[in-house]
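Using UniProt numbering, the first residue of the first sequence is number 1, and each one after it goes up by one. C-beta atoms are modelled at their ideal positions from N, C-alpha and C, and glycine is treated no differently.
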Amino acid sequence: MLGKFIQTRNIGVRIFLNWQEKQSFGNFTCLHVKRKLSDMVNVLNVAEKNSVAKNVAQILGRGAIQTRETGSVYNKLYEFRVYVPSLQNQCLMKMTSVSGHLLSFDFGPEHRKWTSCNPQELFSSPIVRFVPETGMKIKKCLQREIRNCSVLIIWTDCDREGENIGFEIIDVCREVKPNLKILRAHFSEITGPAINRALNTLTEPNKKVSDAVDVRQKLDLRIGAAFTRFLTMGLQVPNNNNNNSDKNNQIISYGSCQFPTLGFVVERWKQREEFVPQPFWYITVESVKDGISCSWNWKRQRLFDERSCIAILSKISEHPTAKVTKINSKQKSKYRPYAMDTVTFERLASSKLRINAKRAMMCAEKLYTSGYISYPRTETNKFPPEIKLNDLVTAQQSSSEWGQFANRIIQNGGATPRNGNKSDQAHPPIHPTKYASNLNGDEKKIYELIVRHFLACCDKDAQGFEVTVQIEINEEIFTLKGLQIKERNYLEVYIYEKWYDKEIPQFVENEMFVPNDIDMKKSETTAPELLTEAQLIALMEKHGIGTDATHADHIEKIKERGYIMVTPTRHLMPKGLGIGLVEAYDDIGFEMSKPYLRAALEKDLVQICEGTKTPEHVLKTHINEYEKVYKESHKQKNRLFELVRTKINS
DNA sequence: GCAAGGTC
Numbered sequence: 001m002l003g004k005f006i007q008t009r010n011i012g013v014r015i016f017l018n019w020q021e022k023q024s025f026g027n028f029t030c031l032h033v034k035r036k037l038s039d040m041v042n043v044l045n046v047a048e049k050n051s052v053a054k055n056v057a058q059i060l061g062r063g064a065i066q067t068r069e070t071g072s073v074y075n076k077l078y079e080f081r082v083y084v085p086s087l088q089n090q091c092l093m094k095m096t097s098v099s100g101h102l103l104s105f106d107f108g109p110e111h112r113k114w115t116s117c118n119p120q121e122l123f124s125s126p127i128v129r130f131v132p133e134t135g136m137k138i139k140k141c142l143q144r145e146i147r148n149c150s151v152l153i154i155w156t157d158c159d160r161e162g163e164n165i166g167f168e169i170i171d172v173c174r175e176v177k178p179n180l181k182i183l184r185a186h187f188s189e190i191t192g193p194a195i196n197r198a199l200n201t202l203t204e205p206n207k208k209v210s211d212a213v214d215v216r217q218k219l220d221l222r223i224g225a226a227f228t229r230f231l232t233m234g235l236q237v238p239n240n241n242n243n244n245s246d247k248n249n250q251i252i253s254y255g256s257c258q259f260p261t262l263g264f265v266v267e268r269w270k271q272r273e274e275f276v277p278q279p280f281w282y283i284t285v286e287s288v289k290d291g292i293s294c295s296w297n298w299k300r301q302r303l304f305d306e307r308s309c310i311a312i313l314s315k316i317s318e319h320p321t322a323k324v325t326k327i328n329s330k331q332k333s334k335y336r337p338y339a340m341d342t343v344t345f346e347r348l349a350s351s352k353l354r355i356n357a358k359r360a361m362m363c364a365e366k367l368y369t370s371g372y373i374s375y376p377r378t379e380t381n382k383f384p385p386e387i388k389l390n391d392l393v394t395a396q397q398s399s400s401e402w403g404q405f406a407n408r409i410i411q412n413g414g415a416t417p418r419n420g421n422k423s424d425q426a427h428p429p430i431h432p433t434k435y436a437s438n439l440n441g442d443e444k445k446i447y448e449l450i451v452r453h454f455l456a457c458c459d460k461d462a463q464g465f466e467v468t469v470q471i472e473i474n475e476e477i478f479t480l481k482g483l484q485i486k487e488r489n490y491l492e493v494y495i496y497e498k499w500y501d502k503e504i505p506q507f508v509e510n511e512m513f514v515p516n517d518i519d520m521k522k523s524e525t526t527a528p529e530l531l532t533e534a535q536l537i538a539l540m541e542k543h544g545i546g547t548d549a550t551h552a553d554h555i556e557k558i559k560e561r562g563y564i565m566v567t568p569t570r571h572l573m574p575k576g577l578g579i580g581l582v583e584a585y586d587d588i589g590f591e592m593s594k595p596y597l598r599a600a601l602e603k604d605l606v607q608i609c610e611g612t613k614t615p616e617h618v619l620k621t622h623i624n625e626y627e628k629v630y631k632e633s634h635k636q637k638n639r640l641f642e643l644v645r646t647k648i649n650s
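Shown next as structure tokens:
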């Protein structure tokens with residue numbers, strides 16, 4: 001086996017020279033080359049984006065790669081030679097890429113113009129699939145290169161969309177070469193071991209997963225377009241942007257993700273609007289001992305009845321002597337963070353670094369394609385047992401900021417990750433894959449967050465000692481808590497969380513003292529705050545609205561449409577138009593702004609992937625559901641539009 | 001002029 005391998009490699013080198021000769025001398029060596037090339041299998045490899053193609057080629061080609069232009073500015077072609085186990089052959093690998101989806105769905109020409117048809121027809125009108133102008137150069141490149149290849153290996157991202165993009169590549173290539181052998185590589189980080197493992201474990205691509213995405217695309221297009229045309233043309237809201245749009249109406253869009261996103265913002269706003277503050281009363285006790293002031297907490301916390309509170313106050317004022325009835329001491333831990341999934345990442349970036357989710361994902365994407373971190377779109381928050389965490393921790397020892405901390409983890413017996421219980425069965429939690437020292441700006445901050453979170457997760461919980469003192473004053477109970485931090489552990493590297501000592505005096509059981517002050521205070525309940533971006537993302541995640549990659553886009557979209565705005569305190573506030581749309585649909589009895597419809601679709605898509613439902617069935621069911629809503633809104637359109645107009649003007 | 005999902 002080894003002998004064969006070496007021999008094949010030698011042939012590979014010879015052919016390589018001949019191939020270059022062929023380039024230089026045209027047909028001169030043609031016959032000779034033809035004979036030798038027959039030993040070599042030509043393989044076209046296609047990744048989802050150029051950066052992946054480049055880095056995968058660099059790893060597999062061990063630096064011996066040739067770069068060629070493809071006609072598409074962003075997509076290069078990299079050539080190298082490597083032995084591919086599942087083909088049992090030394091291969092001439094041509095590695096190139098698409099730029100995300102290559103194909104696009106749209107209505108046929110007869111339904112594309114807004115005035116061409118009743119929007120309801122869009123639920124059943126023909127849909128065409130085509131390569132948009134922006135992808136034509138990539139398509140030409142794929143079809144040109146596949147002609148002299150017998151194998152196609154798909155290197156798109158290992159998620160649902162990636163599988164679908166894989167089939168787009170397959171369709172385009174099969175158009176010119178129907179009898180291709182097709183293989184799929186599985187990887188979730190671009191490192192030597194992961195990429196070599198992928199090459200050694202090629203499988204068939206998964207059509208079911210790709211089918212699920214087709215269903216999602218068709219549904220989103222039909223429903224989005226039908227309702228958007230209906231609302232925009234029906235409401236005729238004048239456009240206040242002075243752009244060059246020849247249409248004078250503002251677009252009032254509906255989308256299966258943007259509408260529920262809006263719904264969350266409006267719902268919170270409503271809770272706040274409808275909130276009625278409730279007055280409440282509570283008793284405070286102040287004392288001083290050993291020079292330390294203590295504010296004791298009432299066990300009843302608060303009473304909503306003033307007279308009851310007065311009664312208790314007068315009762316304890318009769319014998320205002322406190323007796324220490326209980327002292328509890330216990331170990332207290334502050335837990336280190338779980339391994340990082342995408343939503344946690346987006347929320348931390350937004351709340352701790354003040355980098356909005358959209359920008360944070362862009363930075364993470366760049367760090368991933370540069371090989372610094374693992375794939376940033378993951379729902380997994382537990383590390384697989386086979387991952388070599390100690391190697392990853394060791395790699396961070398070069399840092400002047402957290403290197404010592406990484407070193408300490410290793411010295412103390414190695415990484416002990418705090419794992420959650422979610423796994424998408426495709427990607428590990430977000431973690432650094434190598435040390436980076438040359439980053440700047442937001443990318444640097446994002447990388448630092450990922451590294452510090454990773455090291456914190458691999459370290460130990462912080463340990464403290466909590467003392468709870470309980471007193472009774474004429475049968476009323478009050479408590480005081482003190483905290484002594486013993487071991488900071490993960491907190492030393494995780495600068496985003498704080499934990500403070502709280503010093504309290506020494507007490508002994510049955511000790512008696514007279515408090516310096518006993519008082520009754522009045523306060524009232526406060527309304528919930530408007531949502532922050534971080535909280536909205538958490539809600540979207542919880543209800544399955546959008547993907548890790550698009551949460552941020554949907555929030556941007558509803559801002560752009562004039563449905564919501566951001567307050568100076570960075571809270572999300574719905575505008576009249578947004579409130580009107582949500583209330584109008586609520587009013588005619590449809591939960592369009594609620595997340596349930598999208599969640600139901602998501603569930604069906606998973607079933608398509610698992611093979612328990614057919615794509616045709618799922619598509620038909622959901623189309624029917626939304627068409628019913630459409631017909632009803634059309635029937636009640638005067639009422640619906642009037643409701644929205646009232647809100648816009650209020 | 002529409003969606004959501006990829007990416008530059």
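Range covered by the alpha helix (DSSP H) that runs through leucine 235: Walking along the first sequence from the start, residue 235 turns up at place 235. If you look at leucine 235, you'll find it in the alpha helix (DSSP H) that goes 207-235.
Chain-order list of residues whose beta-carbon lies under 6 angstroms from that of tyrosine 338 (same chain, five-residue window excluded): Walking along the first sequence from the start, residue 338 turns up at place 338. Answer for tyrosine 338: Asn381, Arg418, Gly420, listed in chain order.
Bridge-paired residues (DSSP) for arginine 68: Taking the first sequence and counting its residues from 1, one reaches residue 68 at position 68. Under DSSP, arginine 68 takes part in a beta bridge, and its partners are Leu77.
Outcome for threonine 526 when other beta-carbon atoms lying within 10 angstroms are tallied against a minimum of 16: Here residue 526 is taken as the residue at index 526 of the first sequence, counted from 1. Residue environment: threonine 526 is assigned as exposed (fewer than 16 neighbouring CB atoms within 10 Å of its CB, all protein chains considered).
Classification of aspartate 519 by the beta-carbon crowding that lies within 10 angstroms, buried from 16 upward: The sequence position of residue 519 within the first sequence is 519, counting from 1. Under a 10 Å Cβ-count criterion, aspartate 519 is classified as exposed, with fewer than 16 other Cβ atoms of the shown protein chains found around its own Cβ.
Whole-angstrom distance between aspartate 586 and leucine 235, CA atom to CA atom: For the purposes of this step, residue 235 is taken as the residue at position 235 of the first sequence. For the purposes of this step, residue 586 is taken as the residue at position 586 of the first sequence. Roughly 17 angstroms separates the two Cα atoms.
Inter-stretch contact (C-beta, 8 angstroms, three-pair minimum) for the region 598-606 and the region 617-637: The answer is yes - the region 617-637 touches the region 598-606, with three or more Cβ pairs under 8 angstroms.
Identity of the residue in Pro428, Cys363, Ser124 nearest proline 384 by Cα: Position 384 of the first sequence, counted from the first residue, corresponds to residue 384. Pro428 is the residue among Pro428, Cys363, Ser124 whose C-alpha sits nearest the C-alpha of proline 384.
Counted within 10 angstroms of its Cβ, other Cβ atoms place residue 651 as buried (16 or more) or exposed: Not covered by the structure: residue 651. The range shown for the chain is 1 to 650.
Spatial distance of tyrosine 563 from lysine 575 (CA atoms): On the first sequence, position 563 is the one that residue 563 refers to. On the first sequence, position 575 is the one that residue 575 refers to. Rounded to the nearest angstrom, the gap between the Cα atoms of tyrosine 563 and lysine 575 is 5 angstroms.
N-terminal and C-terminal residue of the beta strand (DSSP E) that methionine 362 is part of: One-based indexing of the first sequence puts residue 362 at position 362. For methionine 362, there is no enclosing beta strand (DSSP E); the residue is found in the alpha helix (DSSP H) stretching over 357-369.
Contiguous alpha helix (DSSP H) assignments of at least 4 residues, all confined to the region 479-534: Listed in chain order, there is nothing to give.
Proximal residues to lysine 352 (C-beta, below 8 angstroms), its chain only, five neighbours per side dropped: Within the first sequence, the letter at position 352 stands for residue 352. Around lysine 352, the same chain offers Leu449, Tyr496 as residues with beta carbons nearer than 8 angstroms, after the five sequence neighbours per side are excluded.
7 angstroms CB neighbourhood of lysine 208 in its chain, flanking five on each side removed: In the first sequence, counting from the first residue as 1, residue 208 sits at position 208. Only Ile608, Cys609, Gly611 meet the Cβ criterion.
Leucine 581 beta carbon less than 8 angstroms from that of valine 265: To locate residue 265, count along the first sequence from 1; it is residue 265. To locate residue 581, count along the first sequence from 1; it is residue 581. Not in contact: valine 265 and leucine 581 (Cβ atoms no closer than 8 angstroms).
Three-way DSSP call (helix, strand, coil) for proline 109 in this model: Your numbering for residue 109 matches position 109 in the first sequence. The answer is helix: DSSP assigns proline 109 an H, G or I state.
Spatial distance of leucine 483 from glutamate 48 (CA atoms): Within the first sequence, numbered from 1, the residue matching residue 483 stands at position 483. Within the first sequence, numbered from 1, the residue matching residue 48 stands at position 48. Answer to the nearest angstrom: the Cα atoms are 52 angstroms apart.
Where serine 650 falls, given that 16 or more other Cβ within 10 Å makes a residue buried: Along the first sequence, one-based indexing puts residue 650 at 650. It counts as exposed.
For proline 528 and alanine 538, the rounded distance between their alpha carbons: Within the first sequence, residue 538 is the residue found at index 538, counting from 1. Within the first sequence, residue 528 is the residue found at index 528, counting from 1. Approximately 16 angstroms, taken between the alpha carbons.
Straight-line gap, lysine 218 to glycine 224 (C-alpha atoms, nearest Å): The residue given as residue 218 occupies position 218 in the first sequence. The residue given as residue 224 occupies position 224 in the first sequence. Lysine 218 and glycine 224 have their C-alpha atoms some 10 angstroms from each other.
For isoleucine 545, the three-state DSSP class (helix, strand or coil): Counting from 1 along the first sequence, the entry for residue 545 is found at position 545. Of the three classes helix, strand and coil, the one that applies to isoleucine 545 here is coil, per DSSP.
Through-space distance from glutamate 443 to glycine 403, alpha-carbon basis: Position 403 of the first sequence, counted from the first residue, corresponds to residue 403. Position 443 of the first sequence, counted from the first residue, corresponds to residue 443. Computed Cα separation, rounded: 19 angstroms.
Check whether leucine 103 and valine 131 have beta carbons under 8 angstroms apart: In the first sequence, the residue the question calls residue 103 occupies position 103. In the first sequence, the residue the question calls residue 131 occupies position 131. Judged by beta-carbon spacing, valine 131 lies within the 8 angstroms limit of leucine 103, meaning their Cβ atoms are closer than that value.
Cutoff 8 angstroms; reference cysteine 91; Cβ partners in own chain excluding five residues on either side: Within the first sequence, the letter at position 91 stands for residue 91. The answer, listed in chain order, is Met40, Val41, Asn42, Val43, Arg81, Val82, Tyr83, Val84, Val151.
Environment of phenylalanine 259 [buried if 16+ CB atoms lie within 10 Å]: Walking along the first sequence from the start, residue 259 turns up at place 259. It is buried - the Cβ of phenylalanine 259 has at least 16 other Cβ atoms within 10 Å.
Pairwise C-alpha distance: glutamate 189 and arginine 377: Here residue 377 refers to the residue found at position 377 when the first sequence is read from its first residue. Here residue 189 refers to the residue found at position 189 when the first sequence is read from its first residue. Straight-line Cα distance between these residues: approximately 11 angstroms.
Contact under 8 angstroms by Cβ, asparagine 55 with threonine 567: Numbered from its first residue, the first sequence carries residue 55 at position 55. Numbered from its first residue, the first sequence carries residue 567 at position 567. Judged by beta-carbon spacing, threonine 567 lies beyond the 8 angstroms limit of asparagine 55, meaning their Cβ atoms are not closer than that value.
Limits of the unbroken beta strand (DSSP E) element including serine 97: Here residue 97 refers to the residue found at position 97 of the first sequence. Serine 97: member of the beta strand (DSSP E) spanning 89-97, first to last residue.
Neighbour-count burial assignment, asparagine 50, 16 or more Cβ in a 10 Å radius: Here residue 50 corresponds to residue number 50 of the first sequence, with the count starting at 1. Buried is the call here.
Terminal residues of the alpha helix (DSSP H) in which lysine 631 lies: Here residue 631 is taken as the residue at index 631 of the first sequence, counted from 1. Looking at the DSSP string, the run of the alpha helix (DSSP H) that includes lysine 631 is 615-635.
Euclidean distance between Cα positions of lysine 323 and proline 279: Here residue 323 corresponds to residue number 323 of the first sequence, with the count starting at 1. Here residue 279 corresponds to residue number 279 of the first sequence, with the count starting at 1. Counting only the Cα atoms, proline 279 lies some 30 angstroms from lysine 323.
Option in Ile165, Cys149, Ile146, Arg147 with minimal Cα separation from tryptophan 155: In the first sequence, the residue the question calls residue 155 occupies position 155. Of the candidates Ile165, Cys149, Ile146, Arg147, the one whose C-alpha sits nearest the C-alpha of tryptophan 155 is Ile165.
CB contact flag (isoleucine 504, cysteine 294, <8 angstroms): Your numbering for residue 504 matches position 504 in the first sequence. Your numbering for residue 294 matches position 294 in the first sequence. Yes, Cβ-Cβ distance for isoleucine 504 and cysteine 294 is below 8 angstroms.
The region 446-462 contacting the region 346-366, beta-carbon criterion three pairs below 8 angstroms: The answer is yes - the region 346-366 touches the region 446-462, with three or more Cβ pairs under 8 angstroms.
Buried/exposed call for valine 176, threshold 16 Cβ in 10 Å: Taking the first residue of the first sequence as 1, we reach residue 176 at position 176. The residue is exposed, with fewer than 16 neighbouring Cβ atoms inside 10 Å.
Residues that valine 606 bridges to, as DSSP identifies them: Counting from one through the first sequence, the residue named residue 606 turns up at place 606. Beta-bridge annotation (DSSP): valine 606 is not paired with any residue.
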